[in-house]
Structures are given as C-alpha cells and as structure tokens.
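Q: Before I ask anything, let me first share the structure, which is written out below as structure tokens.
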Amino acid sequence: MTHKIAILGASGYTGAELVRLISTHPSMSIAALSADRKAGMEMADVFPHLRHLDLPTLVTIDEIDFSGIDLCFCALPHKTSQEVILKLPKTLKIVDLSADFRLRDPDAYKQWYGNDHAALEMQKEAVYGLTEFYRDDIAKARLVAGTGCNAATGQFALRPLIAGGVIDLDDIILDLKVGVSGAGRSLKENLLHAELSEGSNAYAIGGTHRHLGEFDQEFSAIAGRPVKVQFTPHLVPMNRGILATVYVKGDAAEIHATLAEAYSDEPFIEILPFGEAPSTHETRGSNFVHIGVTGDRIEGRAIVTAALDNLTKGSSGQALQNANLMLGLEETEGLMMAPLFP
C-alpha cells in the first residue's frame, strides 16, 4: 500500500529535506505541496536539486484536498503552524515540525515563544516526537510534535544519564555548534556569506534559547525534580550539522556503559568506542546520531559529544521516522541511507 502525503511549507529547508527523503520511500508518495509566497511555482524552480522528481505544483494550503491524504507534514513557522493545524480535518494524521506543540505547559509556551497558544485542545493530544523515547505513544498518535534540532541532540546525549542517575544533575554544561541551515531559509543579514563565513559566534547566551523549554520539560520529567542545564549554542559556517559537547560530573566509564546499554537496540544511534569523539562529517545527510564519551583529566568528570544532521535526524528525518510509526510501517523505512562523505 502506498500512503499519500502532503507537505505544508515545502519551500523551506525542512520541506525540501522531506521531499528528498520521501522521494525514495517505498510506501509513500507526495500528493500535495504547499507554499505561501512561492505558490504556483514548480519545486524544480524553487529547489533545482529536485528537478529530476515528478512533483505536484506548489499551491496554497486552501487549495489542497485533504480527503485523500493519509498524513500531513507541517513545516511551517511557529504560531502559523498551530493556526493552520487547528483547521485541518480532525481525522488527518499530522507531524508538526514547528515548536507549537512541543511544550505541554501553555504558560511555558508563552514564556519561550511570546504568544498565547491558539490550539490548547490539540496540545493535549500532541505527543512529543523524540522517537527513541516516545515510540509507543507516537505509533498511536494523531498529532506528533517534532523536537527542536538542538533539543534533540542534547537529549540523545543526556536522557539515559539522567534516568540512570550516573551524573550530577546540578552541574551540566551543554556547548553546541550548529550549521546555518538551522536558522531557516529566510533572508537574514547575519547569515550573509560575507558576515558568516570565516567566523563563529555564540548566540542566545545566558539561558534565552527557546529549546531550553524542551530541556527543562523533558529532563525534569525524567528526574522527578527540576533540572536546568547551562546551554550555549554557537553558529558555525557550515551548511548543516550539529555537534554538542556536554560537560558532566560522573564516572566516564559508567557513563559510556550507560549510553551503550540504553541505545544497544537503536538502529540510528551509534555509541563510539570509549575515548573516541564524533564529527558532523560522519552524520551529514543521514538519520544517524553518533555519540562519544571521553574521560577528563579532572577526576570524576567526563565529556559527552554528540553529532547529528540538523535537517535530517534533527528535523525531517525524525519526522519521517515518526510518520512511519503512525502509519504502521517499519520505523527505518526510507531512512537507512549512509551519510554523505566527504
């Protein structure tokens, strides 16, 4: 059986990544693509790298007939996404890639995103989309909220350690480097080649990054008490990829063993041999996560490093992994492609 798929917001990076992944998926076909400013255009004109595919013309959301659609991906900006999803058919399965349904507490959503939630009833049914930890709920869900790409990377490194009680919960430092595609496709002065290349900068310093809302929610739920990490992201001049370096207090060998056991059966998560560290080169264009653990020269401290592709495992690949579960398909279907190297 081939499932018919719609992608809303197909003219952005995550929309294009969804098209790339679904184009070779054995059980899905793209039936509708929407855009706002680029409605009426062909995907080949918006993304020439997809010109070999026979794809529907981009249309507005109002022009899509959802009666024959099995699942819809929403790759729209936050606030816009909740307003659109609220009007979609109540029987339609939806994977939302925005931030609109990630935070269970509406007050937390307002704190981090600056506006009241417009779809509170739908928020109650949304399942957080970190597949490896919510797969049973995702398989039964109608609405799945994809995680933030930074939030996913930090959680892959830390969730098993918090659950296993092998690190000091009051002393966690997360230093993260992210590629420029993580900022989206909209024109921004600081993302111009002349202003971004040959340099790197920290941003959202001092606990202002929105993905901290996800860290607070998820880590505190695991621990059964408030857990707050110190988190600083850095924008680096690469197109795609995230590298997280996490500084923790705990026995390095025990930390490595905990991660290895937690992810032993996970098809997309690779725990490197003790003392080895991953590179974004090794996960680029794939749905894989590489995690390494190294002991520090200071006794009782360890460094956990995690690498993934922000557009694939951090967003669109994760979304497809969740969609597979929601449609009763093999979770890995369409996602076992090897990373791109060099």
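Residue numbers -8 to 333, in the numbering used here, belong to the letters of the sequence shown in order. Cβ coordinates follow ideal geometry from the N, Cα and C atoms, glycine included.
1. If you run the structure through DSSP and keep just helix, strand and coil, what is A22?
2. Cβ of I60 within 8 Å of Cβ of A(-3)?
3. From A174 to C65, what does the alpha carbon distance come to, in whole angstroms?
4. Going by DSSP, what residue range makes up the beta strand (DSSP E) through P224?
5. May I have the straight-line CA-CA distance separating T48 from A310, to the nearest angstrom?
6. What do you reckon, are the CB atoms on I294 and V218 nearer than 8 Å?
7. Taking only the alpha-carbon atoms, compute the straight-line gap between N181 and S277 and give it to the nearest angstrom.
8. Drop a sphere of 10 angstroms on the beta-carbon of S25, count the other beta-carbons inside from all chains shown, and report buried for 16 or more, exposed for fewer.
9. Looking at C-alpha atoms only, which residue of H69, L165, G286 is the closest neighbour of G266?
10. What is the DSSP secondary structure of K304, reduced to helix, strand or coil?
11. Would a C-beta distance cut-off of 8 Å place T249 and P151 closer than the cut-off?
12. If contacts are defined as beta-carbon pairs under 8 Å, then R201 and Y119 qualify, I think. What distance do you get, rounded to the angstrom?
13. Nearest CA to the CA of I233: which residue from E209, A130, A297?
14. For Y162, I'd like the list of residues in its chain whose CB is within less than 6 Å of its CB, leaving aside the five on either flank, ordered along the chain.
15. So, using beta-carbon positions, are R93 and G139 closer together than 8 Å?
16. Give every residue of the same chain whose Cβ lies closer than 6 Å to the Cβ of S211, excluding the five residues on either side of it in the sequence, and list them in chain order.
A: Quick answer:
1. strand
2. yes
3. 17 Å
4. 221 to 226
5. 22 Å
6. no
7. Going by the C-alpha atoms only, they are around 27 Å apart.
8. buried
9. G286
10. helix
11. yes
12. Incorrect: roughly 15 Å between the Cβ atoms, too far for contact.
13. Nearest to I233 by C-alpha distance, out of E209, A130, A297, is A297.
14. Position check: residue 162 holds Asp in this sequence, whereas Tyr was assumed. Answer for D162: K240, listed in chain order.
15. yes
16. P217, V218
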